[in-house]
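So for the sequence shown, our numbering puts the first residue at 2; every next one is plus one.
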Amino acid sequence: MRKSAFYRKFLRPIKHVLGYWLLLAIVFFVRIKPRGIVLCLARLLGKFVFRVSKKDREIALENLAIAFPEISETERIATARMCFANTMMNFADMLRVKSLMKKRPPIWRIEGEEHLREVQSRYGGGIVITGHIGPFELIAPIWKSLGVNVAVVGRRLYDERIDRLLVKQRQKTGVENIPSDSHPRRVLSMIRSGYLIGTLIDTHTKSVDGLPAPFFGREVRTISAPAGLARISGTPLLPMAIFREGKAGFLLKVWAPIEVERTSDRDADIRELLRRGNEAIEAMIRFRPEQWIWFHDRFRNS
2 MRKSAFYRKF LRPIKHVLGY WLLLAIVFFV RIKPRGIVLC LARLLGKFVF
52 RVSKKDREIA LENLAIAFPE ISETERIATA RMCFANTMMN FADMLRVKSL
102 MKKRPPIWRI EGEEHLREVQ SRYGGGIVIT GHIGPFELIA PIWKSLGVNV
152 AVVGRRLYDE RIDRLLVKQR QKTGVENIPS DSHPRRVLSM IRSGYLIGTL
202 IDTHTKSVDG LPAPFFGREV RTISAPAGLA RISGTPLLPM AIFREGKAGF
252 LLKVWAPIEV ERTSDRDADI RELLRRGNEA IEAMIRFRPE QWIWFHDRFR
302 NS
């Protein structure tokens with residue numbers, strides 16, 4: 002439904018200003034308070050939102066029924082509740098990335114690093130595919146701290162001030178930001194010069210190109226740019242995700258690379274990469290179901 006001219010010209014700008022200042026207040030609070038207290042409050046807030054946000058709760062439960070028809074309703078409710086709690090804790094941790102990177106010893110561990118090193122040795126750079134699982138903004142800074150040149154592709158946010166805030170946070174940890182509307186040649190050049198390029202492929206979006214691909218048994222619109230870049234460059238897609246582990250730690254898990262099998266049929270090649278990419282995202286979600294954003298309407302129009 003289209004918004005009225007009054008809303009677009011007057012109410013929306015006010016809403017954006019208030020949202021920006023509220024975000025600044027949250028950032029300030031999160032960064033000055035002990036992490037344990039912040040995470041406890043975030044967990045409680047997430048469970049509260051689960052109770053009061055009927056629409057989001059219903060979407061989450063419907064999505065879980067599609068993805069995991071074999072589990073009971075009680076299990077789906079518990080998973081959805083933890084999803085909301087984890088999302089709030091992830092948001093809190095992603096607002097303090099720089100301080101988390103300074104923790105010694107590190108509060109993360111890595112499984113499957115050999116897959117990344119293999120891609121580096123064979124191709125120089127690589128294309129990472131991941132999803133909105135765990136505190137995903139920590140993936141790039143972790144690799145940067147280990148000496149890997151990293152950039153992430155990100156869609157410009159609706160508010161320029163919030164967008165600048167996010168880009169600045171990435172840059173403070175040595176991570177380069179690539180707007181999603183950048184020319185593909187820029188991304189290809191960075192891959193060839195040894196950069197690891199991070200992409201998120203697990204959400205429904207109309208603002209970027211996508212094609213239908215299977216996901217938990219449904220055909221869903223899937224972002225196609227990473228697959229297209231992989232086919233052009235010959236570089237495999239490298240699936241990875243970060244998960245909350247224990248009370249305050251993280252597990253960064255890397256899966257085997259998805260090799261490009263190029264034929265004379267470009268569209269078929271890209272669709273095959275999308276299929277295998279979605280399989281990888283499914284594997285990430287099945288590994289820790291409570292850590293994905295089930296309230297996202299991923300299966301719309303499927």
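Glycine is no exception: its CB is placed at the ideal position from the N, C-alpha and C atoms.
If you're wondering where the values come from, they're calculated on a predicted model, not measured in any experiment.
task = State the start and end residues of the unbroken alpha helix (DSSP H) segment that holds residue 272.
result = 267 to 288
task = Any chance you could list the beta strand (DSSP E) runs of at least 3 consecutive residues sitting entirely within the region 215 to 255, in chain order?
result = 219 to 224, 238 to 246 and 250 to 255
request  = Using the Cα positions of residue 273 and residue 86, report the straight-line distance between them to the nearest angstrom.
outcome  = 35 Å
ask   = On the premise that residue 78 lies in contact with residue 293, defined as a C-beta separation below 8 Å, what is that separation, rounded to the nearest angstrom?
value = Not quite, the Cβ-Cβ distance comes to about 16 Å (not below 8 Å), so this is no contact.
N- and C-terminal bounds of the alpha helix (DSSP H) containing residue 112 = Element bounds for residue 112: not the alpha helix (DSSP H) but the beta strand (DSSP E), 109 to 112.
Cut-off 7 Å between Cβ atoms - residues of its own chain near residue 301, not counting five sequence neighbours on either side = 205
request  = Specify the secondary structure class of residue 185 as computed by DSSP and reduced to three states.
outcome  = helix
query = Whose CA, out of 109, 83 and 114, lies closest to the CA of residue 257?
reply = 114
request  = Give the C-beta separation of residue 98 and residue 174 to the nearest angstrom, bearing in mind that I take them to be a contact with Cβ-Cβ under 8 Å.
outcome  = 6 Å
task = List the DSSP bridge partners of residue 129.
result = 199 and 239
message = Would residue 260 pass as an interface residue toward chain D - the criterion being a Cβ-Cβ separation below 8 Å?
response = No chain D is part of this structure, which consists of one protein chain only.
Proximity winner among 246, 253 and 68, relative to residue 239 (alpha-carbon distances) = 253
request  = Go ahead and label residue 225 buried or exposed: buried means 16 or more other beta carbons lie within 10 angstroms of its beta carbon, across all protein chains shown.
outcome  = buried
query = In terms of residues, what are the limits of the alpha helix (DSSP H) holding residue 74?
reply = 74 to 95
request  = Assess, as a yes-or-no matter, whether the region 120 to 130 is touched by the region 64 to 81 under the definition of 3 or more beta carbon pairs within less than 8 Å.
outcome  = no
message = Looking at residue 140: is its Cβ nearer than 8 Å to the Cβ of residue 250?
response = no
key: Where the beta strand (DSSP E) containing residue 178 begins and where it ends   = 177 to 180
query = At what residue ranges does the region 19 to 79 contain a whole run of the alpha helix (DSSP H), taking only runs of 4 or more?
reply = 36 to 53 and 55 to 68
inquiry  = For residue 170, which residues in the same chain have their Cβ closer than 7 Å to its Cβ, ignoring the five residues on either side in sequence?
reply    = 98
Residues near residue 104 in its chain [Cβ-Cβ closer than 6 Å; skip 5 each side] = none
task = Grab me the residues of residue 65's own chain with a C-beta within less than 7 Å of its C-beta, minus the 5 sequence neighbours each way, in chain order.
result = 77, 80, 81 and 295
task = Flag this pair as touching only if the region 175 to 192 and the region 146 to 164 have three or more C-beta atom pairs under 8 Å; answer yes or no.
result = yes
inquiry  = Taking the beta carbon of residue 8 as the centre, do at least 16 other beta carbons fall within 10 Å, making it buried, or is it exposed?
reply    = Residue placement at residue 8 cannot be trusted, given a pLDDT of 45 that sits under 50; the coordinates are not used to answer.
ask   = Which residues mark the beginning and the end of the alpha helix (DSSP H) in which residue 151 is found?
value = Premise fails: residue 151 lies in the beta strand (DSSP E), 151 to 155, not in any alpha helix (DSSP H).
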